[in-house]
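**Q** Residue numbers (the numbering used here), protein chains in the order written: chain W, 1 to 293; chain F, 294 to 445; chain G, 446 to 1231.
Heads up, the beta-carbon is just placed ideally off N, CA and C, and yes, glycines get one too.
Since the structure is predicted, the reported quantities are computational estimates derived from the model, not experimental observations.
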Amino acid sequence: MLLPMFEFHEPLSIEEALELKKKLGQNARILAGGTDLLVHLKKKLVKTDNLISLSRIKALSLITEQKDSIFIGACATMAQISRSPVIAKKFTALKSGCDNLGNHLIRNRATIGGNACNASPAGDTLPALLIYDSVALLESYGKKREIPIADFFTGPGKSCIQPDEILTGFRLPIPTDHSGAHYIQLGKRKSSEINVVNVASFLEYDPGTKKVITTRIALGSVAATPIRAARAEAALLGQAPEEASFFAAAEMARREDCRPIDDFRGTAGYRQAMVGVLTKRTLATAYERAKGA
Amino acid sequence: MKKIISLTINDQSHEIAVEPNITLADMLRYELALTGTKKGCDTGDCGACTVIMDGDVVNSCLVLAIQANGSVIETIEGLSTDEGLSPLQEAFVEKGAIQCGFCSPGIIMSAKNLLDKNPNPTEDQIREGVSGNLCRCTGYQKIFEAIESQRS
Amino acid sequence: MKEFDIISTRAHRIDTPDKATGQAVFTDDITRPGMLYGALLQSPHAHARILSIDTSKAKALAGVKSVITHEQAGHIKYGVSPARYDETVFAIDKVRYIGDEIAAVAAVTLEIALAAVELIEVEYEILPAVFTLEEALKEGAPQLHETSPGNLCAEVHQEFGDVAAALKECDIIKTSTMKNKRQDGAFIEMQGCIAEFDNRGVLTLVSSTQVPHYVQRTVAMVLGMDVGMVRVKKPYVGAGFGIKAAANPMELACCILARETRKPVKMNFTRKQVFMYARARHQFSHTITTGAKKDGTLMAIKHECWLDGGAYTSFGIATVYYTGSLLGGPYKIANMSYDGYRVYNNKPTCGAQRGHGAVIARALFEQQVDMIAEEIGMDPMELRIKNMMDTGDTTCNDLNMSSFGMSECIEAVRKGSDWDKKKGNMPTGKGIGMACGFFVSGAGYPIYRSDTYHGTVIVKLTEDGGTALVYTASAEIGQGSDTAFAMIAAEALGIPLDHVRLASGDTDMGVDLGAYSSRQTLMTGHATKDAADHAKAQVLEVLAEQLSVPLKELDIKNGFITFAGDTPDFSALRTRYIKEHRGWIDNPDSEHLTFKEASRIAFLEKGSIVGTGKYKPHNLGGKFKGAAVGTSPAYGCSAQVAEVTVDMETGQVTIDSITDAHDCGKAINLTSVEGQMEGSVSMGIGEAMHEEVIFNDKGQVLNADLAEYKIVTSMDMPRIKAIVVESDEPNGPYGAKEVGEGAIMPTIPAILNAVYNAAGVRINELPLTPERVYFAIQDYKDRMAK
Ligand SMILES: Cc1cc2nc3c(=O)[nH]c(=O)nc-3n(C[C@H](O)[C@H](O)[C@H](O)COP(=O)(O)OP(=O)(O)OC[C@H]3O[C@@H](n4cnc5c(N)ncnc54)[C@H](O)[C@@H]3O)c2cc1C
Ligand code: FES
Ligand code: FES
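1) Taking 8 angstroms as the cut-off, is the beta-carbon of W:Leu105 closer than that to any non-hydrogen atom of ligand 5?
2) So is G:Glu1216 in contact with chain W if we call contact Cβ pairs under 9 angstroms?
3) Looking only at C-alpha atoms, which of G:Leu589, G:Arg1027, G:Arg1207 sits nearest to G:Ala1195?
4) Under the rule that 16 or more other beta-carbon atoms within 10 Å means buried, what is G:Met1122, buried or exposed?
5) Give a yes or no on whether the minimum CB-CB distance between F:Thr301 and chain G is below 9 angstroms.
6) How many angstroms separate the CA atom of G:Val984 from the CA atom of G:Ala1047?
7) So which of G:Leu844, G:Asn625, G:Cys881 has the shortest CA-CA distance to G:Ala853?
8) Could you tell me which of W:Gly220, W:Phe71, W:Pro156 sits nearest to W:Thr168, measuring between CA atoms?
9) When DSSP labels each residue in this structure, what does G:Gly1081 get in the three-state scheme?
10) Using a C-beta to C-beta distance shorter than 9 angstroms, which residues of chain G count as neighbours of F:Lys435?
11) Is it a yes or a no for the segment 501-508 of chain G touching the segment 572-587 of chain G, going by three-plus beta-carbon pairs under 8 angstroms?
12) So, helix, strand or coil for G:Tyr542, using DSSP?
13) Is it the case that the CB of G:Gln965 approaches a heavy atom of ligand 3 more closely than 8 angstroms?
14) What are the start and end residues of the alpha helix (DSSP H) that includes G:Phe1040?
15) In whole angstroms, what separates the C-alpha of W:Thr154 from that of W:Ile161?
16) Let's see if you can read the secondary structure: which residues bound the alpha helix (DSSP H) around G:Ile1193?
17) Roughly how many angstroms separate the alpha carbons of G:Ala484 and W:Leu2, rounded to a whole number?
18) In chain F, what lies closer than 8 angstroms to W:Lys193 by C-beta?
19) How long is the line joining the alpha carbons of W:Lys280 and G:Met1093, rounded to whole angstroms?
20) Is F:Leu372 close to chain W, meaning its C-beta is less than 9 angstroms from at least one C-beta of that chain?
21) Any beta carbon of chain F sitting closer than 9 angstroms to that of G:Lys708?
22) I want to know whether the segment 112-132 of chain W touches the segment 25-35 of chain W - three or more CB-CB distances under 8 angstroms.
23) Whole angstroms is fine: what's the gap from F:Thr368's alpha carbon to F:Asn406's?
24) Hey, would you say the C-beta of W:Val39 is under 8 angstroms away from at least one heavy atom of ligand 1?
25) Measure how close the beta-carbons of G:Ile892 and G:Val525 come, nearest whole angstrom, since I'm counting them as under 8 angstroms.
26) At 4 residues or longer, and completely inside the segment 111-154 of chain W: list those alpha helix (DSSP H) runs for me, N to C.
27) Alpha carbon to alpha carbon, what distance is there between F:Thr328 and F:Leu321?
28) Which value, in whole angstroms, describes the spacing of the CA atoms of W:Gln185 and G:Gly1081?
29) Using a Cβ cut-off of 7 angstroms, pull out every chain G residue sitting near F:Pro398, in sequence order please.
30) Where do the ends of the alpha helix (DSSP H) carrying G:Gln965 lie?
31) Between W:Arg29 and chain G, is the shortest Cβ-Cβ distance under 9 angstroms, so that the two count as touching?
32) To which residues of the same chain is G:Thr620 closer than 6 angstroms at the C-beta, ignoring the five residues directly before and after it?
33) Run the proximity test for F:Gly422: is its beta-carbon closer than 8 angstroms to any non-hydrogen atom belonging to ligand 3?
34) Spell out a yes or no on whether the segment 1174-1193 of chain G and the segment 643-659 of chain G are touching, meaning 3 or more CB-CB pairs, one atom from each, closer than 8 angstroms.
35) G:Glu614 and G:Gly755: beta carbons closer than 9 angstroms?
36) Of all the residues that make up the segment 46-62 of chain W, which are near chain F by a beta-carbon distance shorter than 8 angstroms?
Take a look at the structure:
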C-alpha cells in the first residue's frame, strides 16, 4: 500500500514545531508514532499535504517527576511509560493501559499523545488518564493552555485541540497514600485487540473512618468519548469500601452512566452489562492496592 | 522531493535518497533489495515487517524511511554470521518453528530483541515478546520452543 | 514393521535454513528487468449492470502501458469444476459482488497504475442485491446467474440405508442446529504474481499459488494457448490453506497485461483485496438429527445444510458434497441422509479451506454424540469407542478406512489429558471436552474429470554419482512437502538426506495436482518413491552385471551398496571410479562399495540415470451421484481434548490446553506432523473463538484487515500436547497418510463440549465471542430460574 505524497517536516524544538503549525495550520498533520496516522493515510481515511514529525523533539518524550505531580511528554511511548519506575509504582492503571495497547511492536512506537489525540472511545490509556485527573498541556505559537482531561475529548476522533495547537504532554498529580487504581480491558483476543469495553477506577479511603473519600471511575468504548462515571462515583463516595458498595456503584455505572451503541465489535447490551462487571472488578482491585499503598 | 538520509543497516552505513512517503519496509525491500523483511498487511497488523530500529523492534511498514535518518537498523539479513545461521536461527530450524516462513524473519527479529534485552524470558514474556507477530501456520508452539531453547 | 533410516525421524527441513535467514524468495521479492506494475479495477457495487466502460483517460495517463477490460481478456468462462465454469476474467455486463474485477492497468510504477485505475470511468445501473440465504431464496429475489434460477448454485440429496426406519428404532433422538461465520484464510503472504512472455511466445507465470498445475491449465485455456506454452512456477509461498487452490483473476489479468505489453508485469493483492477475493470457508447452517439406542449404539444421521456461497461457484460443488459425505465416519452408522444446498448471493465467493466442507458438520455432530452420552450416562470416550469403525471398515457411503487408528487416538488423549481424573471433577467455570474427526488423504479424483496421473516425479542422479535430484511439480507452501519427498527419495534410494536435492513447484517438472485435500504426502510421495525405486533399480542392474551378482542380492543402505551374500571383489570398479575422479582428494577407501561409485559407473554405462514415477489412486467409491467426493485412498483421523476456563460474568473463554492425537499412518517427518497438528488446532481455535468476516448491509467487508479479522495470536494459543499415533496405511508410501486437515476437525467441537462442561451452555453459533457466551449463560440462568 502506498502513502500519498506529502511534505515532511522534522522540527527540533517545540517552538519550531509551533511555527510550522501556525504557518501550515489545517494543511498539516502532526506525526508522532504514526501507528494511527500512517495507517489512516494508507487507507485514504485522511489526507494531508504536510507531516510534522515530533520525534526529534527530545522534550516531548520526557517523563519527569515533580514534587506532587509527574509530567509525561506527549511523545512518550507505551513501552517507555511502562518502563518508568514512578509509573509502575504510583500509576498502576496507566501502566496497565500502556501494557495492553496493541502488541509489543506497536507499543515501541505508539505515543500517549497520539492515543489521546486519536481520541478513540476505546483508547487504552484514556480511562487511566481520566481517573488520575490528568491535565492536558496544549501549546500554540506564543500561547499555552491547560485542559482538564475530562474536557479534552469532544467526540469520536475529536478533541479540543485547535488546528494551530500541539499537545505537549500531560500533568498527573501523584496519588495520595491509601489510594489505588486498576484498569481492565475486555476484547475478543488477548493481543492486538480493539477493546469492546475498558474501565479504570481510582479509589482513596480514609483509614480512620474506613470510608471512600475520593473515587474516579472512567469508562471506555461505551460512549462517543471515554467518560467519567459520575453517578457511580457519587454512589460510592462516603461508603465503606466493600463488595456491596462496589456492586452498587457498578450498577450505577451500568444503568446510568454509560451510553453504548451497537457496532460490529459488540452490542450495546453486552457493553452495558460489562461496564457493571468491570467497574466492580476494577474497584475491588483498586481497593486492594489502596490497602497496600 | 527526495531527501538524502544516512543510516546504518546491519553494520553497514548507507546514504540513500528517498521520497518522504516511502516506508522503511519498502525502502529495505525495493530500494536496497533486503527482501528478507516481509510485508503481510502494510498496516501494522501482522509483524512480518519487524526490524530492530535503535535497539527496539518496530513495524517497518509504519515507519517512514525518512524517520530512520541517523538510525541503526538490524534486519534478518544481518543475523547470520560468517559461520552461517545464528544459534537463534538454528533453533528455529531445529525445532520446526518455521513452516511457510513468511512470518519467520519478523518473528526471529522479535525473538532476538527479546533475548538481547532479557536473556532468560519466562513463557509469558516469550508470548508477549512475539505478540505482534502473527503466524498462521505453526500455532506458535514450536516458536515458543525455539525461543525457550535459547535462554541463557 | 520395517526399519527405516530416514522416514519417521525429526530430520531438519530442507527449506527452513533459507527461510530463517531471509534468503528464501517469495513472489514479491522478485524483480524483473523492465518490469511493469499492474492494478485492478474492482466493483464498488454488490450488484450492478455495467452500462459502459471508458478507459480513455486511464490510457492517456503518462506511464500507463496497457488498460484491459473484457474486450482484451475475452469471454472464456473458467472456474474450478468444468461443469460449473461461471467466471470470466473481467465482468462483461454485470458485477456480482464488491470486488468483482472489471479492468486492469499496467504502468511503469504502481503509483501510476493505481492512479490510472481511478481514471477508468464505469457507468453502472445499480441492481437490487441479496446478501443472505434468506434474501437470496425469497420469491422474486434478484437473480445472480440466469442459468441458476432461485439463486440455487447446487443441491445434493443422498440417502444411505433407511433413516426414517432407523430413527423409529432409536431410544434417543437429538436434533440441533449450528451455524458458523465465513472464515478467511488469513495466510500471511498475500497473493501476488509476475507474468512474462519471452520472444518465442512462452508465458511464464510466477505466482503465490498452491496449485501450479490447475493455474497452468486455466491460464492456457483462458488465454487460448497450448498448455506447453505456459509455465507456472511457484517460488516459496506464504501458505494458502485452500484459498490459493485455483487460478485467481489477478493471475489471469497479469498474464493478459504481459501479453499486451510484452513486458514482465507484477501484481499483488492488498490485504483488503485478499478479503474481497475471499474463497475461504463458507458459512454453513446445519440441522442434524442423530438417533441412538440406549446402549449407546449410533443408528442414524439426518443432515440438512445450507451454504452461503457468494457470487460464483468456485469449489462450491465439491464443498456441498464434502459437507455431507464426511459425516459417514468415523463411527459405524448404517443410515445417513443428506440434503445440501449451496446458494448464490452478492458477497465474495466462498471456496475451500482446511477441512473442506466438513468442519462445521463435524462441530455439530460431535456435540450431539456428547449429548447422547450425557443422556445415557456414558463417558463420551466410551461411547465413541463403542461405535468406532475398525481398520478395513467401509462407511455407508462407501469410504474405506484402509488404516484407522482412531481408538488409539482416543486412548492417547485420554491418557495425555488425564481425562479420567478430570472429567466430572471440574469446578464451575472450568471444563473439559473431547471430539473426534477424520479427513481424506487426497481427493480420489482430480477436479477436472480425467484419467490423469495425480502426480509424476523425476529422480535424476548427477553424473558424478553423488547426488539425487528430485523434480516434482508439487507445491511446498509451508507444510513441509519438499522435505517429505526428499526424505522419501533418500529412503528409497538408500542414501543420506544430505545427498538429495529437490526442486518443486514448476509445471515444467511434470504433473502434480498440487497442495489441497491433504494429498501430497500420499500421492506425490508415492510418485517420488516410484521414481527413486526406478533410479535405484537402474543403478543396481548395472552393478549386478558388472559384478556378476544376482540383482536381488543387491541393495543400497546409508549410501553404501549391501550384498545379501558375500561381498564380491569390487576393486576393478573402484579403480575405474578413482580414475574418473582424478584430482579429487576424497577417493573412496571404505570397505564397502559406495552408492556414489555405483551410480557413477551406472552413468558411464547408460548415460543419465533418470527414474520416473507416477501415481493415481485405484478406482474408489460407490456408484451413486456425487460418490467421488469424499473418496480417498486413505483417511487420517484424530481425537482431541480441550480444557477451558469460562469467566461466568463476562463470557470470556480461555483455552487452557489442547491434547491432540492424530493417526497419520507412518509419520514421514515427526516434527512436521506435529507442526501440522499444532497449526490446525490454532486455525480451529481461531474459528471457534474469534474469526468471522463481517459485512455491512451493502455487502462490503467491514473487517478486511488483520486487526479486525482476528486470528490467534501468541497470547491466545494454549500449550498443545501433540501425540503422533502411527498406523501402517497400505495405500500410502511407506504407510504414510494425511495430517494437514484432519487435525482441525475435532478442535471446534472439543472446545464446544468443554464450554458446555464448564458453563452448562450449548452454543449453536460461532464464534464464541465473550458476548455470545455471556448471553448464552444469561439465558441459561433465566431458564434455570424458571
Ligand atoms: C496493530 C495496531 C494495534 C493497535 N492497538 C491499539 C490498542 O490496543 N489500543 C489503543 O488504544 N490503540 C491501539 N492502536 C492505535 C494506536 O496505536 C494508538 O492510538 C497510539 O497511541 C497512537 O499513537 P501514535 O503516536 O502512533 O499516533 P499517531 O498515529 O502519530 O497520531 C495519531 C493522531 O494524533 C495526532 N497527534 C499525535 N500526537 C500529537 C500531538 N502531540 N499533538 C497534536 N496532535 C497529535 C496525529 O496528528 C494523529 O491525528 C493500535 C494500532 C495498531 C496499528
Ligand atoms: S507488513 Fe508491517 S505489520 Fe504487516
Ligand atoms: S510459518 Fe507461515 S505464517 Fe508463520
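**A** On the basis of the supplied data:
1) Only ligand 1, ligand 2 and ligand 3 can be found as ligands here, which leaves ligand 5 out of the picture.
2) Your numbering for residue 1216 of chain G matches position 771 in the third sequence. Interface residue, yes.
3) If you number the third sequence from 1, residue 1195 of chain G lands on position 750. For the residues G:Leu589, G:Arg1027, G:Arg1207, the minimum Cα distance to G:Ala1195 belongs to G:Arg1207.
4) Taking the first residue of the third sequence as position 1, residue 1122 of chain G is located at position 677. Its Cβ being crowded by 16 or more others within 10 Å, G:Met1122 is buried.
5) Position 8 of the second sequence, counted from the start, is the residue given in the question as residue 301 of chain F. For F:Thr301, the answer is no, since every Cβ of chain G falls outside 9 angstroms of its Cβ.
6) On the third sequence, position 539 is the one that residue 984 of chain G refers to. On the third sequence, position 602 is the one that residue 1047 of chain G refers to. Their Cα atoms are separated by approximately 5 angstroms.
7) Taking the third sequence and counting its residues from 1, one reaches residue 853 of chain G at position 408. Checking the sequence shown, residue 853 of chain G turns out to be Glu, not Ala. Of G:Leu844, G:Asn625, G:Cys881, the residue nearest in Cα terms is G:Cys881.
8) Your numbering for residue 168 of chain W matches position 168 in the first sequence. Here the closest residue by C-alpha is W:Phe71.
9) On the third sequence, position 636 is the one that residue 1081 of chain G refers to. Strand.
10) Sequence index remark: in the second sequence, residue 435 of chain F carries index 142 (1-based). Those are Thr1116, Glu1119, Gly1120, Glu1123, listed as they occur along chain G.
11) no
12) Numbered from its first residue, the third sequence carries residue 542 of chain G at position 97. In the structure shown, G:Tyr542 sits in coil (DSSP, three-state: anything other than H, G, I, E or B).
13) On the third sequence, position 520 is the one that residue 965 of chain G refers to. For ligand 3, not one heavy atom lies less than 8 angstroms from the Cβ of G:Gln965.
14) Along the third sequence, one-based indexing puts residue 1040 of chain G at 595. Here the alpha helix (DSSP H) through G:Phe1040 covers 1040-1051.
15) Residue numbering aside, residue 154 of chain W sits at position 154 when the first sequence is read from its first letter. Residue numbering aside, residue 161 of chain W sits at position 161 when the first sequence is read from its first letter. Those two C-alpha atoms are separated by around 10 angstroms.
16) In the third sequence, the residue the question calls residue 1193 of chain G occupies position 748. Per DSSP, G:Ile1193 belongs to the alpha helix (DSSP H) from 1192-1204.
17) Taking the first residue of the third sequence as 1, we reach residue 484 of chain G at position 39. Taking the first residue of the first sequence as 1, we reach residue 2 of chain W at position 2. Cα-Cα distance, rounded: 13 angstroms.
18) As a position in the first sequence, residue 193 of chain W is number 193, starting the count at 1. Before going further, note that residue 193 of chain W is Glu rather than Lys in the sequence given. Ordered by position in chain F, no residue passes the 8 angstroms Cβ test against W:Glu193, which lies about 10 angstroms from the chain.
19) Residue numbering aside, residue 280 of chain W sits at position 280 when the first sequence is read from its first letter. Residue numbering aside, residue 1093 of chain G sits at position 648 when the third sequence is read from its first letter. Going from the Cα of W:Lys280 to the Cα of G:Met1093 covers about 14 angstroms.
20) Residue numbering aside, residue 372 of chain F sits at position 79 when the second sequence is read from its first letter. F:Leu372 does not count as touching chain W.
21) For the purposes of this step, residue 708 of chain G is identified with residue 263 of the third sequence, where counting begins at 1. Not closer than 9 angstroms to any Cβ of chain F, the Cβ of G:Lys708 fails to qualify, so no.
22) yes
23) Taking the first residue of the second sequence as position 1, residue 368 of chain F is located at position 75. Taking the first residue of the second sequence as position 1, residue 406 of chain F is located at position 113. Whole-angstrom Cα-Cα distance: 11 angstroms.
24) Residue 39 of chain W sits at position 39 when you count from the first residue of the first sequence. Yes, ligand 1 has a heavy atom inside 8 angstroms of this Cβ.
25) For the purposes of this step, residue 892 of chain G is taken as the residue at position 447 of the third sequence. For the purposes of this step, residue 525 of chain G is taken as the residue at position 80 of the third sequence. Their Cβ separation, rounded to whole angstroms, is 6 angstroms, which keeps G:Ile892 and G:Val525 in contact under 8 angstroms.
26) 112-118, 126-131
27) Here residue 321 of chain F is taken as the residue at index 28 of the second sequence, counted from 1. Here residue 328 of chain F is taken as the residue at index 35 of the second sequence, counted from 1. Approximately 7 angstroms between the Cα atoms of the pair.
28) Looking up residue 185 of chain W in the first sequence gives position 185. Looking up residue 1081 of chain G in the third sequence gives position 636. Using only the alpha carbons, I get a separation of about 41 angstroms.
29) Numbered from its first residue, the second sequence carries residue 398 of chain F at position 105. Within chain G, the residues near F:Pro398 are Gly467.
30) Within the third sequence, residue 965 of chain G is the residue found at index 520, counting from 1. G:Gln965 -> alpha helix (DSSP H) spans 965-992.
31) The residue given as residue 29 of chain W occupies position 29 in the first sequence. False, the Cβ-Cβ gap to chain G never drops below 9 angstroms.
32) Position 175 of the third sequence holds residue 620 of chain G. Closer than 6 angstroms at the Cβ level, and outside the excluded window around G:Thr620, lie Thr734.
33) Counting from one through the second sequence, the residue named residue 422 of chain F turns up at place 129. F:Gly422 Cβ: outside cutoff for every heavy atom of ligand 3.
34) no
35) Stepping through the third sequence from its first residue, residue 614 of chain G is reached at position 169. Stepping through the third sequence from its first residue, residue 755 of chain G is reached at position 310. The answer is no: Cβ separation not under 9 angstroms.
36) Leu51, Ser53, Ser55
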